[in-house]
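Read through the structure below, which is laid out as structure tokens, and then see the notes.
Number of protein chains: 2
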Amino acid sequence: MRWGQDRMDNDNDQLMTPAEVAEAFRVDTATVTRWARAGLLNPVFTLGGHRRYRASEISDRLR
Amino acid sequence: MRWGQDRMDNDNDQLMTPAEVAEAFRVDTATVTRWARAGLLNPVFTLGGHRRYRASEISDRLR
DNA sequence: TAGGACTGGGGTAATTGGGGTG
DNA sequence: CGTGTCCCAATTACCCCAGTCC
């Protein structure tokens with residue numbers, strides 16, 4: 001069990017949609033977008049410009 | 001793949017807003033905030049510093 | 001290619017945090 | 001000692017619409 005330890009700058013991590021992150025924090029999707037624009041989250045971008053968030057990063061902040 | 005790491009005090013739990021908790025106990029939202037600051041509740045924090053309370057914890061204290 | 005669902009923006013109301021005070 | 005209330009600043013929610021996803 002070592003998926004939460006050795007990586008925080010990689011790409012082989014489960015990705016979450018803005019709606020999923022918003023539901024996890026009990027917050028609006030627009031709020032998740034603000035967090036990303038403020039640099040509080042480091043999302044991966046789709047080629048169309050949509051954000052996808054790393055599940056590891058989310059579960060860390062969820063505590 | 002288990003993300004919650006079999007914890008019962010972490011995620012995988014519905015969250016409540018301060019207003020919802022206040023309504024459940026029939027108190028002001030300021031009182032709920034005092035309970036949290038006094039350590040009587042263990043809320044999850046949004047990245048903006050707002051508190052979200054675990055529904056399981058609230059329903060427990062409601063008995 | 002068409003279509004429904006979701007997202008990224010922006011603007012404006014509503015909620016929340018914190019301190020201080022009855 | 002616990003709670004309700006008033007204040008202000010910050011954060012968040014809800015509204016729109018154009019663009020993206022699948």
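First to last, the protein sequences are chains A and B. Residues in the first sequence are numbered consecutively from 1, following UniProt numbering. Residues in the second sequence are numbered consecutively from 1, following UniProt numbering. From the three backbone atoms N, C-alpha and C, an ideal C-beta is built for every residue, glycine too.
- Ignoring anything shorter than 3 residues or poking outside the UniProt domain "HTH merR-type" (15–63) of chain B, list the beta strand (DSSP E) runs there in chain order. 51–54
- Message: Let me check understanding here. Comparing Cα to Cα, which of A:LEU15, A:ASP13, A:ALA30 and A:THR17 lies closest to B:GLY48?
- Response: A:ALA30
- Span separating the alpha-carbon of A:ASP28 from that of B:GLN14: 15 Å
- Message: Taking CB distances under 7 Å as the criterion, tell me whether B:ARG7 reaches chain A.
- Response: Reliability fails at B:ARG7, whose pLDDT of 42 lies under 50, so the model's placement of it is uncertain and no value is given.
- Item | Within-7 Å CB hit, A:LEU15 to chain B | no
- Output, in chain order, the set of chain B residues within a Cβ distance shorter than 8 Å of A:LEU40. Against A:LEU40, the close residues of chain B are LEU47, in the order they occur along the chain (beta-carbon pairs closer than 8 Å).
- What residues in its chain sit with their C-beta under 7 Å from that of A:ILE58, if we drop five residues either side in the sequence? The residues are MET16, VAL21 and ALA24.
- Amino acids of chain A, ordered along the chain, whose beta-carbon sits closer than 8 Å to that of B:ARG61: In chain order: nothing, as chain A lies at least about 18 Å away.
- Message: For A:VAL44, count the other beta carbons within 10 Å of its own beta carbon; 16 or more makes it buried, fewer makes it exposed. Which is it?
- Response: exposed
- If you measure from the CB of B:TYR53, is any heavy atom of the ligand FAD nearer than 6 Å? Because no ligand of any kind appears in the structure shown, any question about the ligand FAD cannot be addressed here.
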